[in-house]
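Mind the numbering: the sequence shown is residues 1 to 108 in our numbering, read in order. By construction, the Cβ of each residue, glycine as well, lies at the ideal position given by its N, Cα and C atoms.
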Amino acid sequence: MFTILCGQCAKAPFGLQPTGLFRCDNCGHEIATSDIDGSEVWCVNPSGTLGKVIDPAVSIADMAEAIDDYMAEDHDSYGELEALRRHRDATYDLIAALQVGLPLPASA
Numbered sequence: 001m002f003t004i005l006c007g008q009c010a011k012a013p014f015g016l017q018p019t020g021l022f023r024c025d026n027c028g029h030e031i032a033t034s035d036i037d038g039s040e041v042w043c044v045n046p047s048g049t050l051g052k053v054i055d056p057a058v059s060i061a062d063m064a065e066a067i068d069d070y071m072a073e074d075h076d077s078y079g080e081l082e083a084l085r086r087h088r089d090a091t092y093d094l095i096a097a098l099q100v101g102l103p104l105p106a107s108a
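Below, the structure is given as structure tokens:
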């Protein structure tokens, strides 16, 4: 999970408040879920810190593409190693999403 730092002070993450808002642990700036945009999946870790992860469906698609690329490359080539690295990175992204409680997509 990539922790989201406050845009006002750039020093601390946002923590979940009982009101449903997220408050900066340093300066007290608050944001609501309606203020959050972007293509990543936003989440809260067990300690209540706001963060973002890659959508599990995107990670699985990236893993499948990396496997296809690996199979198409020459043995012991740079392309083969690069495909393995991309697969590893997508796997780590998927694990991070699962650790914060996001489910696997229905088609997985």
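Residue i burial status per 10 Å Cβ neighbour count (16 or more: buried)
i, result
"S59", "buried"
"C9", "exposed"
"L81", "exposed"
Length of the line joining the Cα atoms of residue i and residue j
i, j, result
"Q99", "D93", "10 Å"
"N26", "Y78", "45 Å"
"D74", "K11", "47 Å"
Supposed contact pair residue j and residue i - C-beta distance, whole angstroms, cut 8 Å
i, j, result
"V179", "V41", "Any answer about residue 179 is impossible in this case: the structure gives the chain only from 1 up to 108."
"R86", "D62", "7 Å"
"E30", "L16", "Incorrect: roughly 11 Å between the Cβ atoms, too far for contact."
> Which residue spans inside the region 14–96 form an unbroken beta strand (DSSP E) run of at least 3?
Replying inline: With a minimum length of 3 residues, the unbroken runs of beta strand (DSSP E) contained wholly in the region 14–96 fall at 14–16, 22–24, 41–44, 50–53.
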